[in-house]
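Numbering (my numbering), first residue to last: 14 to 391.
First comes the structure, then the notes that go with it.
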């Protein structure tokens, strides 16, 4: 079976989902031919670099603009079709058309809305007839993902079944399998051994992070915690934000008085770090929420990017799996509540246990492979 994944390097989540699913497919059988296309980079590496730099700068320095665009496109109107045509012009090059012709995919899986939109336009024009599955990577539905040409939607939670009618999605196309994460997150790990491995104490520990790119108000939040002298252990993961890692090391790690603080850069074992943590303080990226759910790690949100992360925050609060703390007082209060009120802490963990999808990766892979001889339903 030829399976073609389309992703975009906007953050780490979209790529990670594609990689997680492709690796799981290979484990099922080596006979499947799987290819992951980082779409912009594949079409034009210079365009890719420009767009990624522009994206990161926009969400860091002018997030309101991104938020405006996101909310504007939440409205159901014809502007999305115009946007689809624009995306189509950017994406569909001779190189990409040749890829589709040469690879001859039996099925296409999109982990980002841009290629899903562009491919939908091609199907609308009868240029391709390949079945398309989209895997949504946040805890929300947004019309930029939604096209009648899409054959199936992999959605994060059954909570959103009540929105299908609003977005004109045929219920038969919606599969509430969840967001896939790496297999290692499902393993039960020995906390005491991991504490020895990381040379940390086995005490109440807060994990502070901002996704794979290390975004959000990490320095400000850490300052709150250290100035208050709250009696907890703190682990900071800065992701690919090397500038942040350097700043924190120079300011704190070389100072011997911060004995209960550890700082890591980009790590491949965040599952282990979550396993030695009692809470996570973070911005609400879709993958981070999913990993926290699997580990039943209560969430405190201190900042979010306008757009999908605002919707992810709504999901967290509406389903009782975390707290929102956007100032020093509520942050310290939230931590102390979770540290000292076991009833509240366990209630959040219980809610997480009901919402998490421990079989997401397996279910999605089995579903993809079951469609080997599928013809498009659109």
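Ideal Cβ positions, reconstructed from N, Cα and C, are used throughout, including at glycine.
Here the structure is a predicted model, which is why all the values come from computation and not from measurement.
With 16 or more other Cβ atoms inside 10 Å of its own Cβ, residue 220 counts as buried. Membership of residue 115 in the alpha helix (DSSP H) is indicated by the continuous run 107 to 116. At the C-beta level, residue 147 and residue 120 stay beyond 8 Å of one another.
Taking 8 Å as the cut-off, the Cβ atoms of residue 142 and residue 346 do not count as close. DSSP, read as helix, strand or coil, puts residue 179 in coil. Taking 8 Å as the upper bound for CB-CB distance, residue 128 and residue 377 are not in contact here, some 18 Å apart. Scanning its chain for C-beta atoms nearer than 6 Å, with the 5 sequence neighbours on each side dropped, one finds around residue 163 the residues 145, 147, in chain order. In this model, residue 31 and residue 366 are separated by some 25 Å (Cα to Cα).
Under DSSP, the beta-bridge partners assigned to residue 166 are 147, 187. Taking the CA atoms as reference points, residue 16 sits about 7 Å from residue 122.
Non-local beta-carbon contacts of residue 160 in its own chain, meaning distances under 6 Å to residues more than five positions away in sequence, involve 133 in chain order.
By the Cβ rule, the region 343 to 359 counts as touching the region 233 to 250, because three or more pairs are nearer than 8 Å.
When C-beta atoms of the region 174 to 188 are compared with those of the region 206 to 213, fewer than three pairs fall below 8 Å, so the two segments do not count as touching. With respect to residue 155, residue 87 sits close: the two C-beta atoms are nearer than 8 Å. Each of 386, 380, 374 was checked against the Cα of residue 36, and the nearest Cα belongs to 374.
Distance from the CA of residue 213 to the CA of residue 383, rounded to the nearest whole angstrom, comes to 46 Å. Taking C-beta atoms as the reference points, residue 288 and residue 308 count as a pair closer than 8 Å. When the Cα atoms are used, residue 331 and residue 224 turn out to be separated by approximately 22 Å. The secondary-structure analysis by DSSP pairs residue 48 across a beta bridge with 17.
In the displayed model, residue 222 falls within a strand according to three-state DSSP. Excluding its 5 nearest sequence neighbours in each direction, residue 151 has C-beta neighbours in its own chain below 6 Å: 299, 321, 325, listed in chain order. Taken in chain order, the complete alpha helix (DSSP H) segments of 4 or more residues contained in the region 275 to 324 are 283 to 288, 299 to 308. In the structure shown, residue 122 adopts extended strand secondary structure according to DSSP, grouped into three states.
Across the structure, residue 84 and residue 216 are spaced so that their CA atoms are roughly 42 Å apart.
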